[in-house]
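Trainee: Provided herewith is a single structure, encoded as structure tokens, for subsequent inquiry.
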Amino acid sequence: MREERGMTLVELLAALALLSIIIMLVGSVMFFGQKQYSKQTETIAKQDEVRFVMSTITKAIRSHHADEVTVADSVLTIGTDQYKLNTSQLLKNSVVLSDQIAVFNVIKQDEQIDITIGSTSDEYNEKQTLSTVIYLRE
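Just add 4 to the spot in the sequence shown (first one is 1) and you have this note's numbering.
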């Protein structure tokens, strides 16, 4: 009997099939991880933008007296500064404070101000929203 070494064609095809399945599984996991990373990075950026705008506005409100804070026609006036939404840009005295804001609702009732700020939609059609109530000091 002859001694045969090597692999048959069937064994080679089986090994290639198993290897390709393993490569597809690993690639799928890597692609999913990359997609999740991208989505979370965009979500965090939108949240950061909304928090920055809210922080800027609340800080300005808290540093002024109640009679210096007015709301008229969706324009928030704090002292000499005016905050208003123009399409997706939130402006402070005609200077862009953020270009990723889609919602800017301000309601003043007696000595309190309700503020809602929302981001523009991301590629997954998700928005980040933040709301707060500030009680004005006399």
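Every residue gets a Cβ at the ideal spot worked out from N, C-alpha and C, and that includes glycine. No experiment lies behind these values; they were computed from the predicted model shown.
Mapping DSSP to helix, strand and coil, what is Lys-63?
Mentor: Residue state, collapsed to three classes: helix.
Trainee: List the DSSP bridge partners of Asp-118.
Mentor: For Asp-118, which the question treats as bridged, DSSP gives the partners Ile-111 and Val-137.
Trainee: Report yes or no: do three or more beta-carbon pairs, one from the region 59–76 and one from the region 112–129, lie closer than 8 angstroms?
Mentor: Short answer: they touch.
Trainee: On a Cα-Cα basis, can you pick out the residue from Ser-135, Phe-36, Thr-81 and His-68 that is closest to Glu-142?
Mentor: Among Ser-135, Phe-36, Thr-81 and His-68, the Cα nearest to that of Glu-142 is on His-68.
Trainee: Which residue wins for smallest C-alpha separation from Gly-83, given the options Thr-91, Lys-96 and Leu-89?
Mentor: That would be Lys-96, whose Cα lies nearest to the Cα of Gly-83.
Trainee: Under a three-way DSSP split, which group does Asp-126 fall into?
Mentor: In this structure, Asp-126 counts as coil in the three-state DSSP scheme.
Trainee: Looking only at its own chain, which residues have a Cβ that is under 8 angstroms from the Cβ of Lys-161, when we skip the five neighbours before and after it?
Mentor: Outside the displayed span of the chain (5 to 142) sits residue 161, for which this structure offers no information.
Trainee: From what residue to what residue does the beta strand (DSSP E) around Ala-76 run?
Mentor: First-last of the beta strand (DSSP E) with Ala-76: 73–76.
Trainee: Checking 8 angstroms against the spacing of the C-beta atoms, do Tyr-128 and Lys-43 come in under that value?
Mentor: In contact: Tyr-128 and Lys-43 (Cβ atoms closer than 8 angstroms).
Trainee: Closest by CA to Thr-81, which one among Asp-52, Ile-111, Thr-91 and Glu-7?
Mentor: Residue Ile-111 is the option with its Cα nearest to Thr-81.
Trainee: Is Ser-135 near the ligand ATP, judged by its Cβ being under 7 angstroms from some heavy atom?
Mentor: Questions concerning the ligand ATP fall outside what the structure shown contains, since it holds no ligand whatsoever.
Trainee: Based on the DSSP secondary-structure assignment, which residues constitute the bridge partners of Ser-98?
Mentor: DSSP, once it has assigned bridges, lists no residue as partnering Ser-98.
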